[in-house]
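Beneath this line is the structure, given in structure tokens, with notes to follow.
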Amino acid sequence: MSSIEVRQLEYFLAVHDHGGVTRAAKALHLSQPSLSQAIRSLERQLRTDLFLRVGRGLVLSPAGQALVGPARQVVRSLERAQAAVIRVRELHAGQVSIAAGAGLVADPLAPWLGRFRRKYPDTVVRVEESESDDGVAELVRSGDCDLGLTAGSIVCDELEQLLVSEQHVVLVAPPGTPRAAGPVPLEDLAGVPMIAGDRRGQAWTDVERAMAARGVAADVVVEVARTASTIPLVLAGVGSTFLTLRLAIEAQARGAVVQEIAPSQVRRLRLLRRPGDRSVGVCALSDVIHADARRWVAALQEEQDRGLGLVAAGAAVDARIRDARAARSAAA
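Quick note, the sequence shown lines up with residues 1321 to 1652 if you use the numbering used here.
Following this line, the structure appears as structure tokens:
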């Protein structure tokens, strides 16, 4: 069997992605006969049909379905190699993509990408959000994304799973809510109006599971699609919610009452990547994520060692970050 060219795989993927030869040929700026001939040539080389004609359209054959994933990886590998040739050392004009599980874009991905963009301002970052950790894993495994961020472990031997950080989940209540002397027991939240933000996310799932284990059901009065959308509702007095510490601190700065819960809820964040993938963009983004995560955890522990509780420690670290950012802006 003669060698398959990358361009042939690009043509194959174009026909699949655009749903037919006509639209693919237009997108590729090729004539339809030329593209059809290229696909037939690839099928002859592979000695199998890649597409089946159904009515007036084309669908993938079983062999075609098997080729999609490897073809994408080959094409993306070439794209990364070409990008690496162009000003590799400083990541100029490069691109990197990351898939994130539900609720992880606002925290912690947003601050991580903020630091990455400050360090590599000419690099484009593409973010794909998935409803599940398994969906994130599939985006990375298939080559659609370079990295993945999940809030739990997955079963996938084809990917590396690197523990990068931990997130504390806390209670965020409307302004004026009486503050408890210590962490709020989950049992005490029976009958408390709650706002559920992105119930697909593991933060809500874990807390609801912990409440159910204590015979308490969350009294959800409002449910919204995005976690960040819960903050205005809490501030308006609609109800309370559960947020990760960094998002909760933002709400506290605007008047919300933030308290720890008992038992504490901590979720572990993992970075997914394909084994052996050491492309410039992947390494650079991975390094920034690991470094920023370590700084946050170390600073939080430092404030707690000084005697501050979790929420107060988080607020102190957040203030340090804002002061440092303001100092950089003033010096620029």
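Here a beta-carbon is modelled for each residue, glycine too, at the ideal position from N, C-alpha and C.
The structure displayed is predicted, hence computed values, not measured ones.
Given this structure, state the Cα-to-Cα distance separating V1608 from L1433, to the nearest angstrom.
8 Å
Roughly how many angstroms separate the alpha carbons of A1358 and A1383, rounded to a whole number?
17 Å
Which of helix, strand or coil does DSSP assign to A1493?
Reduced to three states, the DSSP call for A1493 is strand.
Going by beta carbon distance, what residues of the same chain come within less than 8 Å of V1541, once the five residues before and after it are set aside?
Correct list, in chain order: P1513, M1514, I1515, V1558, G1559.
Contact check, L1638 vs I1581 under 8 Å by CB: the rounded distance?
It is worth fixing the name first, because residue 1638 is Asp in this sequence and not Leu. Not really, about 19 Å apart at Cβ, beyond 8 Å.
Comparing C-alpha positions only, which one of A1613, D1466, L1491 sits nearest to R1598?
D1466 is the residue among A1613, D1466, L1491 whose C-alpha sits nearest the C-alpha of R1598.
Residue-chain proximity (D1454, chain C), Cβ-Cβ < 8 Å
Within the model displayed, chain C is absent; a lone protein chain is all it includes.
Taking just the CA atoms, how far does E1528 sit from G1517?
12 Å
Could you pull the start and end residues of the beta strand (DSSP E) that L1592 belongs to?
1585-1593
Pairwise C-alpha distance: A1501 and H1338
60 Å
Using only the alpha-carbon positions, how far apart do E1325 and S1361 sit?
Taking the straight line joining both Cα atoms gives about 11 Å.
According to DSSP, residues forming a beta bridge with A1516
Note: A1516 is bridge-paired with E1543 in the DSSP secondary-structure output.
Reduced DSSP secondary structure (H/G/I, E/B, other) of A1501
coil
In the structure shown, what three-state DSSP assignment does H1349 receive?
Three-state DSSP puts H1349 in coil, outside helix and strand.
List the whole-angstrom C-beta distance separating L1459 from A1391, where the pair is believed to meet the contact cut-off of C-beta under 8 Å.
Not really, about 16 Å apart at Cβ, beyond 8 Å.
Considering only the alpha carbon of each residue, which of P1583, S1584, L1605, A1573 lies closest to L1592?
It is L1605.
Which whole runs of the beta strand (DSSP E) in the segment 1355-1418 are 3 residues long or more, in chain order?
1371-1374, 1377-1380
Give the DSSP-derived three-state secondary structure of E1325 in the structure shown.
DSSP places E1325 in coil when its eight states are reduced to three.
Shortest alpha-carbon distance to S1584 belongs to which of R1594, E1507, L1398?
E1507
Which residue from P1441, R1640, A1632 puts its Cα closest to that of V1416?
P1441
Determine whether the beta carbon atoms of L1663 and V1379 lie at a separation below 8 Å.
Since the first residue of the chain shown is 1321 and the last is 1652, residue 1663 is not available in this structure.
Name the residue from V1504, P1505, P1494 whose alpha carbon lies nearest to the alpha carbon of P1552.
Of V1504, P1505, P1494, the residue nearest in Cα terms is P1494.
D1643, buried or exposed, once every other Cβ within 10 Å from all chains shown has been counted against 16
When all chains shown are included, D1643 counts as exposed.
Given G1414 as reference, the closest of F1436, G1535, R1327 once Cα atoms are compared
F1436
Report the option in C1603, F1562, V1578, G1596 whose CA atom is closest to the CA atom of R1587.
F1562
Return yes when the Cβ of A1635 is within less than 8 Å of the Cβ of Q1579, no when it is not.
no
Selection from R1645, R1614, S1323 that minimises the alpha carbon distance to R1364
S1323
Same chain, Cβ closer than 8 Å to V1617, five either side skipped, listed in chain order
S1485, E1486
Inter-residue CB distance, A1576 and V1492 (contact presumed, cutoff 8 Å)
5 Å
So what does Q1572 bridge to, in DSSP terms?
Note: Q1572 sits in no beta bridge, so no partner.
Within this structure, are the beta carbons of D1427 and L1567 separated by less than 8 Å?
yes
What are the partner residues of S1485, as DSSP defines its beta bridges?
L1589
Going by the CB atoms, is the gap between V1395 and L1350 shorter than 8 Å?
L1350 is not a Cβ neighbour of V1395, given a cutoff of 8 Å.
Own chain, CB closer than 8 Å to S1381, minus 5 neighbours either side, in chain order
T1368, D1369, L1370, F1371, L1372
L1509 and V1544 - do their beta-carbons sit closer together than 8 Å?
no
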